[in-house]
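Below is one structure; the comments refer to it alone.
2 protein chains.
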Amino acid sequence: MNADADIGSCTAMRSENRVGKLPEPPSPIADDGDAEHFCHTCAFSGACIAVGYGKKELAELHCLVEHVSSYREGEYVFRTGDPFRAIYAVRAGTVKTSLVDEEGREHVLGFYLPGEVIGLNAIYPDRFPCDAVALEDAQFCRFSFPAMSALATRLPAVQQHLFRLISKELGSASLLAGDYSADERMAAFLVDLGERYAARGFSGTHFRLSMSRGDVANYLRLAAETVSRVFSRFRTQALIDVNGRMLVLRDPVRLRKIGRSLLSG
Amino acid sequence: MNADADIGSCTAMRSENRVGKLPEPPSPIADDGDAEHFCHTCAFSGACIAVGYGKKELAELHCLVEHVSSYREGEYVFRTGDPFRAIYAVRAGTVKTSLVDEEGREHVLGFYLPGEVIGLNAIYPDRFPCDAVALEDAQFCRFSFPAMSALATRLPAVQQHLFRLISKELGSASLLAGDYSADERMAAFLVDLGERYAARGFSGTHFRLSMSRGDVANYLRLAAETVSRVFSRFRTQALIDVNGRMLVLRDPVRLRKIGRSLLSG
DNA sequence: TCGATCGATTGATCTGGATCAAGGCGTGCC
DNA sequence: GGCACGCCTTGATCCAGATCAATCGATCGA
Numbered sequence: 001m002n003a004d005a006d007i008g009s010c011t012a013m014r015s016e017n018r019v020g021k022l023p024e025p026p027s028p029i030a031d032d033g034d035a036e037h038f039c040h041t042c043a044f045s046g047a048c049i050a051v052g053y054g055k056k057e058l059a060e061l062h063c064l065v066e067h068v069s070s071y072r073e074g075e076y077v078f079r080t081g082d083p084f085r086a087i088y089a090v091r092a093g094t095v096k097t098s099l100v101d102e103e104g105r106e107h108v109l110g111f112y113l114p115g116e117v118i119g120l121n122a123i124y125p126d127r128f129p130c131d132a133v134a135l136e137d138a139q140f141c142r143f144s145f146p147a148m149s150a151l152a153t154r155l156p157a158v159q160q161h162l163f164r165l166i167s168k169e170l171g172s173a174s175l176l177a178g179d180y181s182a183d184e185r186m187a188a189f190l191v192d193l194g195e196r197y198a199a200r201g202f203s204g205t206h207f208r209l210s211m212s213r214g215d216v217a218n219y220l221r222l223a224a225e226t227v228s229r230v231f232s233r234f235r236t237q238a239l240i241d242v243n244g245r246m247l248v249l250r251d252p253v254r255l256r257k258i259g260r261s262l263l264s265g
Numbered sequence: 001m002n003a004d005a006d007i008g009s010c011t012a013m014r015s016e017n018r019v020g021k022l023p024e025p026p027s028p029i030a031d032d033g034d035a036e037h038f039c040h041t042c043a044f045s046g047a048c049i050a051v052g053y054g055k056k057e058l059a060e061l062h063c064l065v066e067h068v069s070s071y072r073e074g075e076y077v078f079r080t081g082d083p084f085r086a087i088y089a090v091r092a093g094t095v096k097t098s099l100v101d102e103e104g105r106e107h108v109l110g111f112y113l114p115g116e117v118i119g120l121n122a123i124y125p126d127r128f129p130c131d132a133v134a135l136e137d138a139q140f141c142r143f144s145f146p147a148m149s150a151l152a153t154r155l156p157a158v159q160q161h162l163f164r165l166i167s168k169e170l171g172s173a174s175l176l177a178g179d180y181s182a183d184e185r186m187a188a189f190l191v192d193l194g195e196r197y198a199a200r201g202f203s204g205t206h207f208r209l210s211m212s213r214g215d216v217a218n219y220l221r222l223a224a225e226t227v228s229r230v231f232s233r234f235r236t237q238a239l240i241d242v243n244g245r246m247l248v249l250r251d252p253v254r255l256r257k258i259g260r261s262l263l264s265g
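As you go down the protein sequences, you meet chains A and W in turn.
Note that full-length UniProt numbering has the first sequence beginning at 1, numbered continuously upward.
Note that full-length UniProt numbering has the second sequence beginning at 1, numbered continuously upward.
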């Protein structure tokens, strides 16, 4: 549904999601721990790019990571209009991308979890068409896009990966553009989030929403009150447990059924 | 707004749009006429890829065109689930892409004019995630995607072009996913269509809608009746003239203002 | 400890656009 | 020519979700 995209995966993560019922889970971090000893700090030694590439590719990508940056909650990774130079792999934290239209209304484009990539929509206009804000303290690996393209020229696997990355995000965006009910959207959103966490090695049923109700609402094209109401309804239907931002998917199967039109489509 | 994308442009078109007030315009065809003598019939000799590449690239791309196909109105170029092998450049006619969800509801993803490319959203799933139907008799150049990728590996310009193509479509899809009123959507849609026609050398203010009201409605997430009503309202406001499917943008400036949140964003 | 502030929930009401319904109009076919 | 079928338009009504409003915590700084 959303941009479930990663550069080569960063999937070597082994971190356990220690969430039990509704305690605060550890802030997810994409860190492989070992696996070629890359992606340790994502600084010089890390590329957050592991699975699927050989050592040669790894070493090359490795050199691409220009810079690892940390941002505090609320800080901007980039802003609308900034010249496009690089894409960013989220290493820790969650990012929201959004744009403010001519009327001053905000439109949330997406939420990005550790292991996912932001900035791909900037390639065409050659400027960032949206803002990217850290919803929690976050870390990123910054990849120079020109350098990455050059590498892609030499390594077909990298090129292919980039194509797939953008194409995947295109598919997600198109789906979200469709006409669906509030329940369908919410269910699909929750299941999708769960699956993305699960893909990173975290719990797919117990997690913390790092964004406000307002952000969820905006993303799903709903009002914040509607999001609240749907949560309540889903709770009385034993589909989920919500406690503030802590969330438990109690019946992922039924949720998936509700949101099926938007999922895996 | 929509996928205003072309492979290298096909822009050498010189065809005049002979539409006066509301007569039937010629069916737009992307044909450069001369310019390296490519893209004549788009068969063996044409690649529909011209501007920006040197002769070498042209010659190479040229060889990529596997196949030129003609479709009658209503025929499918590809269907949901078909294995992804190639992308298609529209040479003539208009194409609608759409998907049918689990509930059986259709969701129109986009309309593609001559010079634009369909199939890019199939890269990731490696299958076409939607149907593509000719809304009028149409012609396409078919490019093997593996071959194109291989070429992109050798020719950075081609790679860059592909990245931009997908990224552009991603931007359009995200915009459309936002929350806007019926008027904003319609105005933006009309202006965007006009601009895309204009970019191909046709009139940007006098053109024929090749899709039904129902298709426009579905694309804009509205009911067909609403599209009709907005047309009527825009007409009484002297913004447009509509006569069946013939359309005149009488006040593009004001239209653009109405749809500005969705345009050039 | 006390406000103050901000986010979330819940209730009451409103409304943009959907849905239902009834013609009109053009086009093609017999 | 005339009929039938699709598409489009227009009017009447309905409803999902927005908006307005009130309350209830949390969190936080003084």
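We put the beta carbon where it would ideally sit given N, CA and C, even for glycine.
Would you decide whether residue i is buried or exposed? Buried here means 16 or more other CB atoms lie within 10 Å of its CB.
i: A:ASP126; result: exposed
i: W:GLY110; result: buried
i: W:VAL227; result: buried
i: A:ASN243; result: exposed
i: W:GLU184; result: buried
i: residue 269 of chain W; result: Nothing about residue 269 of chain W can be read from this structure; chain W reaches only from 1 to 265.
i: A:GLU116; result: buried
i: A:THR236; result: exposed
i: W:PRO26; result: With a pLDDT of 43 at W:PRO26, under the threshold of 50, the modelled position of that residue is not reliable, and the figure given next carries that caveat. Result: exposed.
i: A:PRO114; result: buried
i: A:VAL253; result: exposed
i: A:ALA177; result: buried
i: A:GLY74; result: exposed
i: W:SER261; result: buried
i: A:GLY81; result: exposed
i: W:ARG208; result: buried
i: W:SER264; result: exposed
i: W:TYR76; result: exposed
i: W:SER232; result: exposed
i: A:ALA238; result: exposed
i: W:ARG221; result: buried
i: W:PRO28; result: Because W:PRO28 sits at a pLDDT of 48, beneath the cut-off of 50, its placement in the model cannot be relied upon, and the point is left open.
i: A:GLY104; result: exposed
i: W:SER210; result: buried
i: A:ALA79; result: Before going further, note that residue 79 of chain A is Arg rather than Ala in the sequence given. The residue is exposed, with fewer than 16 neighbouring Cβ atoms inside 10 Å.
i: W:ARG72; result: exposed
i: W:SER181; result: exposed
i: A:SER174; result: buried
Write down the C-beta distance between residue i and residue j rounded to the nearest angstrom, noting that I regard them as a contact closer than 8 Å.
i: A:SER98; j: A:CYS130; result: 6 Å
i: A:ALA86; j: A:ARG142; result: 5 Å
i: A:ALA89; j: A:PHE140; result: 6 Å
i: A:GLY259; j: A:VAL216; result: Rounded, the Cβ-Cβ distance is 14 Å, inconsistent with contact.
i: W:VAL248; j: W:THR205; result: 6 Å
Can you look up residue i in the DSSP assignment and give me helix, strand or coil?
i: A:ILE123; result: coil
i: A:PRO114; result: coil
i: A:MET186; result: helix
i: W:VAL253; result: helix
i: W:LEU247; result: strand
i: W:PHE78; result: strand
i: A:SER228; result: helix
i: W:ALA238; result: coil
i: W:TYR180; result: coil
i: A:GLU102; result: coil
i: A:ARG233; result: helix
i: W:SER261; result: helix
i: A:ARG85; result: coil
i: residue 351 of chain A; result: There is simply no residue 351 of chain A to check, as chain A begins at 1 and stops at 265 in what is shown.
i: A:ALA199; result: helix
i: A:LEU109; result: strand
i: W:ALA92; result: strand
Exercise for the section: Determine contact between the stretch 126 to 146 of chain W and the stretch 85 to 104 of chain W, defined as no fewer than three beta-carbon pairs at a distance below 8 Å. Expected result: yes
Practice task
Would you be able to state if there are at least three C-beta pairs under 8 Å between the stretch 107 to 124 of chain W and the stretch 149 to 169 of chain W?
Solution key: yes
Problem - Secondary structure, beta strand (DSSP E): runs of 3+ residues fully inside the stretch 121 to 175 of chain W - result: 131 to 134, 138 to 144
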